[in-house]
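The next block holds one structure in the form of structure tokens; read it before the comments.
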Amino acid sequence: MNITDHRPGVDAPPQAPGLALVPYGQGRTRGLDADALGTHGVAMDRLVALGLTVVPGLTVPAGTAASLGEPGTAGAAVELVEQLSGRRVGDSARPLLLRLSASAPTDIAGLPPDLACLGVTPDSAGDLCTVIGRADALDEVWTATVRMIAEYGLDVPAALLDDALLDNPAPHARVGALLSLVARHAGRPFPDDPAEQLALAARAVLARWDSPRARRARKAQKLPADLDIALHVQALRIGPADRSGYGTAVSRHPESGRFSPQGSFFRGVRRSAPPPHTGEPLEKLAGGTVLLEHALLTLERHLHAPVSVDFEVRDGEVSLLAASAQSRPPLRASVCLAVDLVRDGALAKDAAVRRIGPAQVQELLHPQLKLTGDEELLARGLPASPGAATGTVALSGERALELAAEGAHAVLVMHETTPADVPGMLAATAVLTGSGGIASHAAVVARGAGKPAVCGVEGLRVDKAAGTVRIGERVLREGDAVSLDGRTGAVYAGALSVSVAGPPPELSTLLEWADDSRRLGVRVNADTAAEVTTAVALGAEGVGLCRTEHQFLGDRLPLIRSVILAADPAARDEALLALEHAQHEDFTALLTAVGDRPVTVRLLDAPLHEFLPAPGEAGDAAAEQRAASLREANPMLGLRGVRLALLHERLYPAQAEALFSAWVEVAATGVRPRLEVMIPLVSLPEELRAAAAFVRDAAETVAARTGVRVPYRLGTMIETPRAALLAAELAEHAEFFSFGTNDLTQLTYGFSRDDVERQVLASYQERGFLTASPFARLDPHGVGALIALAVERARSVRPDIKLGVCGEHGGDPDSIAFCDDVGLDYVSCSAHRVPVARMAAAHSALRKSESRSASNENGTPA
Amino acid sequence: MHSAAAERTDTIDPSLADAVIDLVLRGMWRGTQESVHRPLVDAGLAMVKGPMVLPTESAKQAAAQMLRVPAGSGQEAQITAVYEAFLPVNRKIREVCTAWQCRPDGSVNDHGDSVYDAEVREQLEDVHEAIQPVLRRLERLLADSGRYLTGLEEALDRFDDGDRQWLASPLCDSYHTVWMRLHQELLLVLGISRAEDEAREEQLVRGSHG
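Going down the list, the protein sequences come from chains A and B.
Residues 1 to 862 (our numbering) are what the first sequence spells out, left to right.
Residues 1 to 210 (our numbering) are what the second sequence spells out, left to right.
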């Protein structure tokens with residue numbers, strides 16, 4: 001299975017040396033593809049075809065690569081590269097070295113390392129360093145090159161080579177030590193002749209490709225064990241370090257996503273792992289960044305993707321060493337590029353929308369600190385582990401453990417962390433350190449544990465004895481509040497609230513295009529004016545569910561309690577009046593925020609037990625007895641929703657009157673919210689008819705009092721299987737349905753959500769009974785079938801009935817696609833999912849139009 | 001305070017020595033049996049915090065004293081040479097763990113890109129190849145240090161079996177956890193502070209690259 005044993009004979013007929021050498025740019029014209037040229041050969045062909053300047057070089061195609069191990073072919077390769085570059089190896093005025101690399105038909109890991117400087121001899125090394133202008137310019141690359149050739153090309157035992165390097169820590173002494181080891185163990189000295197060096201290097205690269213380590217890497221990537229690689233010989237033109245070097249660049253800024261070449265540039269001879277902190281910004285390029293920008297822009301327009309390039313600078317001129325589409329570009333770069341391509345006319349809007357999935361929209365809306373501009377920025381450190389957090393300062397791991405035990409959020413603040421601090425870090429909500437970088441102990445542990453962290457905050461001084469930490473000018477005590485953002489590195493004094501970010505501008509543009517593509521409406525589940533305002537900014541078209549329960553809880557609990565437990569009608573009416581007044585204020589604020597949009601208000605749906613006092617707290621013995629008689633075994637299935645309203649007949653009228661009179665007040669200011677009043681937990685058409693009468697009467701009452709007839713629609717929630725099955729009968733009394741898929745799922749499965757989530761779902765998913773929680777992803781077979789049936793039956797009675805979903809499913813992309821498929825009018829979800837739902841609805845519509853046009857092409861009727 | 005600690009260490013029960021050293025090098029024990037940590041707690045060498053057992057200040061000082069090789073000795077010079085070969089690789093393992101957790105743009109590695117993960121695994125192999133000669137040399141100089149190579153190889157095996165946490169998780173004897181313990185022992189053996197350690201690493205990493 002040794003590649004060198006059989007390849008030349010089998011794949012390539014004996015031929016003159018040099019025929020197997022393909023200069024960059026000529027692969028395609030010779031009819032060669034990626035299998036022969038490798039990804040690097042193909043990329044260089046493409047760059048040449050686009051008219052971009054590349055470094056001179058050639059490919060020895062896969063299958064014939066072993067021929068480079070023969071002196072004849074290696075000699076021809078050296079000559080050809082000399083010809084292409086107009087330089088000669090060994091020329092001391094305009095020196096040339098060679099670089100050998102390998103590539104496979106696709107991008108893979110585990111290729112042999114590049115051999116970065118072939119053609120150096122102990123005699124010429126000094127002159128080369130003089131040209132470069134640095135005495136140590138070759139130490140590391142030359143050592144690495146000789147090390148690998150010695151081990152894999154000349155079979156010098158690795159342990160001897162390791163020992164030689166350990167015994168010679170000084171970089172300058174290492175090559176000498178390796179060369180004398182070679183002379184002793186390889187039976188011949190390391191050659192000076194460039195062609196002989198190249199032939200040995202080719203054999204070493206192929207032997208390394210055949211090593212157990214490389215085979216394991218192929219296996220891990222499910223690549224064929226006998227996969228062939230192409231070899232590439234590149235010119236390495238040596239020039240003075242002030243005007244020569246190498247670098248890498250990507251086309252877009254990773255944070256903003258804008259076209260703005262980013263990267264770094266290193267002086268001297270190219271290394272595979274440039275030393276840290278020696279990179280210089282691209283602006284320092286001797287010839288400027290214009291050529292680089294031109295290359296990146298050309299490539300982006302050609303590849304329709306954010307791109308990265310490796311480049312060489314020689315005498316101030318840029319030539320490309322490699323270029324490709326970024327394998328996983330930063331999300332914002334992809335979004336910005338999609339928008340840029342549309343603006344340039346290179347991409348249709350639909351196609352741009354298709355490029356960004358709902359999950360990616362969610363990713364762009366990551367949690368962050370809510371900034372008002374008034375907060376006090378203490379410091380900016382390194383963004384070491386993403387996430388935003390707020391908590392109290394703990395100056396030791398022990399304090400963090402104590403705080404966590406009390407249920408408090410601790411931010412562990414230390415100058416540095418050691419393994420002894422790991423328990424405290426695990427207990428803390430976030431970590432803040434004064435020393436260390438992105439790869440420091442604190443950062444590695446924090447990311448491993450999923451904790452936000454900011455590291456390397458300069459000027460952070462902990463005084464453990466005093467229990468204080470100085471950050472910049474400020475001194476904080478243990479126990480003070482602090483907030484940090486592990487994505488930006490910002491640290492603030494005080495407790496800031498953590499919230500979901502709004503979409504960046506280019507995503508807003510893309511979402512507007514998504515809105516043009518979708519059929520399904522997107523509304524929000526919001527109970528307060530503030531939530532409505534947030535959701536409208538995120539693109540919600542209205543409110544799909546306003547729960548009125550909160551109007552009865554908190555400090556209003558005694559009021560509703562006295563309605564339910566009232567000893568006499570007078571006391572009850574008094575409490576109801578107070579409730580109505582409070583609700584009126586809530587509704588006025590909500591409707592003002594809604595504006596001219598639709599808003600579905602659900603009348604009270606809380607289970608009775610939420611309003612009952614704890615035993616012994618009802619007040620007097622009589623009330624205690626009334627409360628006891630009202631307690632239920634299973635409140636979620638007991639006196640709840642419309643059932644409670646039918647027992648306490650003033651509840652819904654009071655709510656409806658408060659709502660309608662609030663509308664009258666808000667309408668007077670010029671806005672007209674489109675009211676939809678919704679009756680919850682219906683399973684009998686008679687329940688709906690009775691509750692509808694309450695609402696109608698309330699409208700009459702308000703009309704009589706104010707002289708205004710409030711326009712509204714009346715509808716019901718479909719939460720029970722019976723309601724779904726009797727959709728036709730319910731539709732006679734309802735102008736809209738909203739599927740409450742959370743309860744509908746519970747009742748269809750007979751699942752109590754809290755209980756099964758704790759004990760059942762995980763095991764069902766492990767067994768493969770369920771692929772996802774039916775509470776997260778709408779079950780299309782059972783619950784979905786009920787919805788589909790209800791839709792059909794309802795529309796048969798009332799074709800223009802409005803249909804929506806208001807469970808959490810309204811924010812889940814798969815469930816949204818289902819809702820689109822069964823023809824619902826809208827989905828309603830929590831505010832932070834609104835952008836996700838908009839994109840999911842667009843993707844669903846685009847998928848459908850795609851499959852429609854595909855089936856039209858096939859001649860099948862649509 | 002210093003003399004009090006010194007007095008304490010003089011009186012440490014020799015039967016507790018190994019346990020104290022182990023606890024200090026690990027930084028904590030999780031889920032140990034009462035019978036294992038009770039003697040240390042009673043001797044004022046450990047404290048129990050919830051499910052975790054942590055070393056006390058005096059345990060740390062005792063371990064440091066017990067592990068320290070004589071200053072100025074030949075052994076110290078030889079171990080220092082190994083330590084200096086360790087430091088550049090120490091930088092690399094942190095970079096590998098970072099690359100495993102975060103992609104170069106700083107986003108979280110969701111392990112959806114098998115080529116990227118395989119690339120990181122290759123870098124880990126480079127680290128593992130580089131640390132082996134260093135540890136073989138250490139084994140000749142420091143009793144019982146062979147356990148680190150065994151621990152690293154075990155973690156690597158588990159990692160290659162598909163258990164991702166065995167590279168960098170602080171919650172198991174992952175490659176990174178074993179490595180940190182080795183690092184901690186070298187520091188205590190040579191009496192080097194963390195700050196000094198960081199400075200030397202930085203100097204060596206820059207130096208070795210010219």
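A virtual CB, placed ideally from N, CA and C, is assigned to each residue, including glycine.
Query	Result
When the Cα atoms are used, what is the spatial distance from A/S661 to A/E478?	52 Å
Near B/L67, what residues of its chain come up, given a Cβ to Cβ distance below 8 Å and the 5 sequence neighbours on each side ignored?	I21, E185, L188, V189
Which class does A/N525 belong to by DSSP, given the choice of helix, strand or coil?	strand
With a threshold of 16 other CB atoms inside 10 Å of the CB of A/L559, please say whether the residue is buried or exposed.	buried
Report the option in B/V205, B/V178, B/E139 whose CA atom is closest to the CA atom of A/A170.	B/V205
State yes or no: is the beta carbon of B/T98 nearer than 7 Å to at least one beta carbon in chain A?	yes
Can you round the beta-carbon distance between A/P330 and A/G387 to whole angstroms, since I take them to be within the 8 Å contact cut?	Contact flag wrong, Cβ pair sits at about 17 Å.
Which partner residues does B/M47 have in the DSSP bridge list?	B/L54
Can you list, in chain order, the residues of the stretch 72-92 of chain B whose Cβ is nearer than 7 Å to any Cβ on chain A?	E84, A85
Can the beta-carbon of A/R267 be found less than 7 Å from the beta-carbon of A/G245?	yes
Using only the alpha-carbon positions, how far apart do A/G619 and A/H550 sit?	23 Å
At which residue ranges does the stretch 678-762 of chain A contain complete alpha helix (DSSP H) runs of 4 or more residues, listed in the order of the chain?	685-706, 721-725, 727-731, 741-749, 753-759
Determine contact between the stretch 183-203 of chain A and the stretch 140-157 of chain A, defined as no fewer than three beta-carbon pairs at a distance below 8 Å.	yes
Tell me, please, whether the CB atom of A/R258 is closer than 7 Å to any CB atom in chain B?	no
So what does DSSP say about B/S174, is it helix, strand or coil?	coil
Helix, strand or coil for A/H232? Go by DSSP, reduced to three states.	strand
For A/R470, I'd like the list of residues in its chain whose CB is within less than 6 Å of its CB, leaving aside the five on either flank, ordered along the chain.	R461
Can you tell me the Cα-Cα spacing of A/F751 and A/T745, whole angstroms?	8 Å
What does the Cβ neighbour count give for A/N525, buried or exposed, with the cut at 16 atoms within 10 Å?	buried
At a Cβ threshold of 7 Å, is A/R447 touching chain B?	yes
Here's a check: name, in chain order, each residue in its chain whose Cβ is nearer than 6 Å to the Cβ of A/T509, leaving out the five neighbours to either side.	V339
Beta-carbon of B/A118 versus every beta-carbon of chain A: anything under 7 Å?	yes
When the Cα of B/E57 is compared with those of A/D421, A/A202, A/T106, A/M44, which residue comes out closest?	A/D421
Could you tell me which residues DSSP pairs with B/M180 in its beta bridges?	In the DSSP output, where bridge partners are listed per residue, B/M180 has none listed.
Give the DSSP-derived three-state secondary structure of A/V413 in the structure shown.	strand
How far does the alpha helix (DSSP H) with A/C129 in it extend, from its first residue to its last?	122-132
In the DSSP output, what is A/I471 paired with across the bridge?	A/L460, A/R474
In chain order, what residues of the stretch 76-110 of chain A put their CB closer than 7 Å to some CB of chain B?	D107, I108, A109, G110
Does A/R470 have its Cβ less than 7 Å from a Cβ in chain B?	no
In chain B, which residues lie with their C-beta within 8 Å of the C-beta of A/V444?	R94, C97, T98, Q101, A168, H176
Are the C-beta of A/E416 and some C-beta of chain B separated by less than 7 Å?	yes
Mind checking who A/K802 pairs with in its DSSP beta bridge?	A/F736
In three-state DSSP terms, what is A/D310?	strand
Would you please verify whether the beta carbon of B/R194 is less than 7 Å from any beta carbon of chain A?	yes
Would you say A/P423 reaches chain B, if we count a Cβ-Cβ gap shorter than 7 Å as a contact?	yes
Cβ closer than 9 Å: which chain B residues qualify as neighbours of A/S327?	D113, V115, Y116
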